[in-house]
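Engineer: In order, the protein sequence lines correspond to chains A, B and C. Each residue of the first sequence is one higher than the one before, counting from 22 in our numbering. Each residue of the second sequence is one higher than the one before, counting from 33 in our numbering. Each residue of the third sequence is one higher than the one before, counting from 15 in our numbering. We treat Cβ as the ideally placed atom computed from N, Cα and C, and that holds for glycine. As the structure is a computational prediction, the values presented were derived from the model and not from experiment.
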Amino acid sequence: MRPDLNLMLAGFGGQGLLFAGKVTAYAGLVEGREISWLPSYGPEMRGGTANCSVCVSDNPIGSPLILNPDALIAMNLPSFDKFIDTVKPGGTVLVDSTMVEKTTDRTDIKVFYVPATKMADDNGIKGLANIILLGKLFKEMQFCSPEALMKGLEKCVPASKAAMLESNKKALQLGMDF
Amino acid sequence: MAEKVLMKGNEALAEAAICAGCHHFFGYPITPQTELAAYMAKKMPKIGGTYLQAESELASINMVLGAAAAGVRTMTSTSSPGLSLMTEGISYIAGCDLPCLIVNVQRGGPGLGGIQPSQADYYQATKATGHGDFQLIVLAPSTVQEMVDMVFLAFELGEKYRMPAMLFSDGLLGQMMEPVELPEPGSVKISDKPWAVTGHNNERTHNIVNSLYLEPDLLEKTVRARYERYAECQATEQRCEELLVDDADIVLVAYGASSRVCRSAIMEARAQGIKVGMIRPITVWPFPVDAITKAAEHAKAFLTVEMSMGQMVDDVRLALNGARPTYFYGRTGGMIPSPAEVLEEIKKIQEGI
Amino acid sequence: MAVVFERPHALTDKVFSYCPGCPHGIVHRLVAETIDELGIEGRTIGISPVGCSVTAYDFFACDMVEAAHGRAPAVATGIKRARPDNIVFTYQGDGDLAAIGMAETVHAATRGENITVIFINNAIYGMTGGQMAPTTLPGQITQTTPYGRDVNAAGYPIRVCELLSTLDGVSFAQRVTVDSVKNIREAKKAIKKAFENQVNGRGYSIVEVVSACPTNWGLTPNEALQWMRDNMLPYYPLGVYKDKYAEEGGAE
């Protein structure tokens, strides 16, 4: 039995946070677990900060709104500032260090600074920093089986866009290898 | 069994409505129900149904009245400020004894308020959805799967009692995704509507769909007959979920999104040895009075939790009729209570009993 | 013995509740005759408004729905979209159609809803006892314009046919009156056309009937008709404001 995952993804609208959250949720669904996926909504989605709470558990999910995540993916500075102190002690944090130059003083959490946006650009998969970070999160937390993660990805990329699926797989691998 | 898919509450509700044979949707854009209307706009033309973006909520609810009078399954969806505009039409629909589905994806109020989740329209939904003596059937889902299941229930109960039914959702449930299983198509039973205006085809006298009674004695008689149906509905259709109520000293009462927060708080409280449970109204009208009075036989105190300044708590108090102390905790304006806050309230009550 | 005159089948036996000299009775009859002549009673659904003709559901023998004040076009839209093969008409007064229901009117018209609208313009609110209507003339005395309608305070009347004829969705708009046999015949032709248009799927058709309200104008029926001719017809000229089918070269 895997532990519960309470993942907060935060950054700018357009960075693919909701998508990465959906992949995580579908991976949980593939394994028959309870899932919830809750986006922030409103004007902030149009270019401002966006975030998304994903809960994966073996028990029915109560509040889908995560106040103290055990995993955080932060893709811009406002999100890093807003959420870094909310992470549960022992939690895991992924920071896109291309976008966030700051580091945290907290020592009770595991923080990984990944230049995901730059890595995506360098590898010809612009816009897939979200999935690179998800790959790294998977490597650190093993929140599902590798097969489930791959199936989750396949569920989220439309069948008509097979090329995109390959890019996404490449991004996941880049994250896992980091 | 159909494969489970991840869907937003708003979209799952829309798909379920179509599966339930509702092929006529009328609405006006408002956050946070947008996805529901957008889903209908995409799907309806493909199945030969109606998606119509009206000029206002006043118009959309009256289009629903027309379609309902014509005997088809029909619906609208809106959010709090839009529901206020619809109250005129809802009163007429109730006065005409028409079944239909009205979705309120609640947001913070009053006025333009905000766009974040809220439960501050409880009074409006259960006590005064418009002028005159009338009630709606009000169903409060707490999961995306329940949104789907309750669409069917809403249409069935609405047709059975000839009442408009409301699906009482909020921004959180509408926006969130959960795994959901959609029903197999073709399993829907839609009841006959001999009262509908379909054209009499020279085979019967004319049907009249109307809420006007100029003679007060006739109006009173009509309203009384309607209230007999309401009484039957109250006697037979109360629905709620009971969570760990049997041995509970403290019983929480919460519906929809806030019941999910309570569930988290209850699990934590139980882990700490506090005997706490929850009655989650599924029908907020008819209110599950029976479950509350039964729980009062052993529970020592009740705590109502809402995303409002305290509205449903009145119904809890009425049900208890002073038998047990009743407390309230709420956040409003689009704020969602945290499980920790609710746990804190539970502990405070625990100390006092 | 040959029958030369009888009640249209599309009217019930119910006695009209209208005042002496009120044109509602004539217009009801013209609508009913049209329904009979087109043989559509069995598939017609009418919508009565809020106003003096609120109980029109008792008078028309076809299926009927009573709408909230001003919402008849929205109700008609709902019915027509649910049952496109039925014939749907609304019967509305000036307050209903052009004040509280103007948004519903304009939008049903601009959507080109395939419905028929019968609009009674008598420049006053009849049922509530003679208040200013959106079509009350400048200077006209009503209960709520006791010193005459002051356009600086109460604004100007609305000319509905002119306004609606600017909308692409409108198929047919004609203003008629029923103060004489000749004009009644003309009105009948217009009403019939408005129903035929719907039968033929041509979209939104409206017939505005300039009418008198002797009771609330405080005049005898004959005086009221003369006042209407002298004051209303110059402001609301009779005629066809739009006939898309004819303009496109169609002929009956």
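Please report how far the alpha carbon of residue 268 of chain B lies from the alpha carbon of residue 188 of chain B, in whole angstroms.
Structural biologist: Going by the C-alpha atoms only, they are around 14 angstroms apart.
Engineer: Which bits of chain B does residue 58 of chain C rub up against, with CB to CB less than 7 angstroms?
Structural biologist: Those are 231, listed as they occur along chain B.
Engineer: Just to check, is the beta-carbon of residue 226 of chain C closer than 7 angstroms to a non-hydrogen atom of the ligand FAD?
Structural biologist: Although the ligand FAD was asked about, the structure shown includes no ligands whatsoever.
Engineer: Distance, Cα to Cα, residue 168 of chain A vs residue 47 of chain A?
Structural biologist: Going by the C-alpha atoms only, they are around 12 angstroms apart.
Engineer: Assign residue 39 of chain A to one of two classes, buried (16 or more other C-beta atoms within 10 Å of its C-beta) or exposed (fewer than that).
Structural biologist: Buried, by the Cβ-count rule.
Engineer: Would you call the CB atoms of residue 76 of chain A and residue 42 of chain A closer than 8 angstroms?
Structural biologist: No, the pair does not count as a contact, with Cβ atoms beyond the cut-off.
Engineer: Report the start-end ranges of each alpha helix (DSSP H) in the region 73-159 of chain C that is 4 residues or longer and not cut off at the edges.
Structural biologist: Fully enclosed alpha helix (DSSP H) runs of 4 or longer: 86-96 and 116-124.
Engineer: Counting only runs that start and end within the region 71-102 of chain B, where is the alpha helix (DSSP H) found for 4 or more residues in a row?
Structural biologist: You should have 89-101.
Engineer: Can you find the residues in the same chain that come closer than 7 angstroms, C-beta to C-beta, to residue 292 of chain B, ignoring five residues on each side of it along the sequence?
Structural biologist: Closer than 7 angstroms at Cβ, skipping near neighbours: 174.
Engineer: Is it the case that the region 137-150 of chain B contacts the region 162-181 of chain B, given that we only count it when at least three CB pairs across the two stretches are under 8 angstroms?
Structural biologist: Verdict: no, contact absent.
Engineer: Check whether chain B comes within 8 angstroms of residue 46 of chain C, counting only Cβ atoms and requiring the distance to be less than that.
Structural biologist: It does not; no Cβ of chain B falls within 8 angstroms.
Engineer: Compute the Euclidean distance between the alpha carbons of residue 143 of chain B and residue 137 of chain B, then round it to the nearest angstrom.
Structural biologist: Rounded to whole angstroms, residue 143 of chain B to residue 137 of chain B spans 16 angstroms at the Cα level.
Engineer: Out of curiosity, what's the CA-to-CA distance linking residue 129 of chain B and residue 104 of chain B?
Structural biologist: Approximately 14 angstroms, taken between the alpha carbons.
Engineer: If you pair each beta-carbon of the region 92-104 of chain B with each one of the region 90-102 of chain C, do three or more pairs fall below 8 angstroms?
Structural biologist: The region 92-104 of chain B vs the region 90-102 of chain C: in contact.
Engineer: According to DSSP, residue 29 of chain A sits in a beta bridge with which residue or residues?
Structural biologist: Bridge partners of residue 29 of chain A: A/74 and A/93.
Engineer: Could you compute how far the alpha carbon of residue 382 of chain B sits from the alpha carbon of residue 93 of chain B?
Structural biologist: Taking the straight line joining both Cα atoms gives about 46 angstroms.
Engineer: So that I know if they touch, is there some Cβ in chain A lying closer than 8 angstroms to that of residue 371 of chain B?
Structural biologist: Yes - at least one Cβ of chain A is within 8 angstroms of the one on residue 371 of chain B.
Engineer: With burial defined as no fewer than 16 other Cβ atoms inside 10 Å of the residue's Cβ, what is the status of residue 163 of chain A: buried or exposed?
Structural biologist: Result: exposed.
Engineer: At which residue ranges does the region 154-211 of chain B contain complete alpha helix (DSSP H) runs of 4 or more residues, listed in the order of the chain?
Structural biologist: Correct list: 154-158, 176-193 and 203-207.
Engineer: Does any CB atom of chain A fall closer than 8 angstroms to the CB of residue 295 of chain B?
Structural biologist: With 8 angstroms as the cut-off, residue 295 of chain B counts as an interface residue toward chain A.
Engineer: Between residue 183 of chain C and residue 86 of chain C, is the Cβ-Cβ spacing less than 8 angstroms?
Structural biologist: Against a cut-off of 8 angstroms, the Cβ pair of residue 86 of chain C and residue 183 of chain C comes out as no contact.
Engineer: Which bits of chain B does residue 84 of chain A rub up against, with CB to CB less than 7 angstroms?
Structural biologist: Per Cβ cutoff of 7 angstroms: 292, 293, 296 and 371.
Engineer: Using a Cβ-Cβ cutoff of 7 angstroms, what residues of the region 46-60 of chain A are near chain B? List them in chain order.
Structural biologist: Under the 7 angstroms Cβ criterion, the region 46-60 of chain A contributes 46, 47, 50, 56, 57, 58, 59 and 60.
Engineer: Can you tell me the Cα-Cα spacing of residue 207 of chain C and residue 289 of chain B, whole angstroms?
Structural biologist: In a straight line, the C-alpha of residue 207 of chain C is about 55 angstroms away from that of residue 289 of chain B.
Engineer: Three or more beta-carbon pairs under 8 angstroms between the region 55-64 of chain B and the region 177-194 of chain A, yes or no?
Structural biologist: With a cut-off of 8 angstroms, the region 177-194 of chain A and the region 55-64 of chain B do not count as touching, because too few Cβ pairs lie within range.
Engineer: What is the rounded straight-line gap between the Cα of residue 59 of chain C and the Cα of residue 100 of chain C?
Structural biologist: Rounded to whole angstroms, residue 59 of chain C to residue 100 of chain C spans 7 angstroms at the Cα level.
Engineer: What residue from B/158, B/37, B/70 and B/75 has the CA that sits closest to residue 51 of chain A's CA?
Structural biologist: Among B/158, B/37, B/70 and B/75, the Cα nearest to that of residue 51 of chain A is on B/37.
Engineer: Compare the Cα-Cα distances from residue 133 of chain C to each of C/225, C/126, C/35 and C/145 and report the closest residue.
Structural biologist: Checking every option, the nearest Cα to that of residue 133 of chain C belongs to C/225.
Engineer: What would DSSP say about residue 279 of chain B, mapped onto helix, strand or coil?
Structural biologist: Of the three classes helix, strand and coil, the one that applies to residue 279 of chain B here is coil, per DSSP.
Engineer: Please say whether residue 44 of chain A and residue 145 of chain A have beta carbons closer to each other than 8 angstroms?
Structural biologist: It is not a contact, given that the beta carbons lie outside the stated cut-off.
Engineer: Using 8 angstroms as the cut-off, can you tell me whether the region 308-327 of chain B makes contact with the region 272-287 of chain B, which would need three or more C-beta pairs spanning the two stretches below that distance?
Structural biologist: Judged by Cβ distances under 8 angstroms, the region 308-327 of chain B makes contact with the region 272-287 of chain B, as three or more pairs qualify.
Engineer: Put residue 108 of chain B into one of helix, strand or coil per three-state DSSP.
Structural biologist: Here residue 108 of chain B sits in strand by DSSP.
Engineer: Between A/58, A/153 and A/98, which lies nearest to residue 82 of chain A when the distance is taken from Cα to Cα?
Structural biologist: Looking at the Cα atoms, A/58 is the closest of the given residues.
Engineer: What do you get for residue 110 of chain A, buried or exposed, if any count of 16 or more other CB atoms within 10 angstroms of its CB means buried?
Structural biologist: Residue 110 of chain A should be labelled exposed.
Engineer: Suppose you measure from the CA of residue 151 of chain A to the CA of residue 117 of chain A; what does that come to, to the nearest Å?
Structural biologist: Rounded to the nearest angstrom, the two C-alpha atoms are 9 angstroms apart.
Engineer: Can you find the residues in the same chain that come closer than 6 angstroms, C-beta to C-beta, to residue 81 of chain C, ignoring five residues on each side of it along the sequence?
Structural biologist: Only 61 and 89 meet the Cβ criterion.
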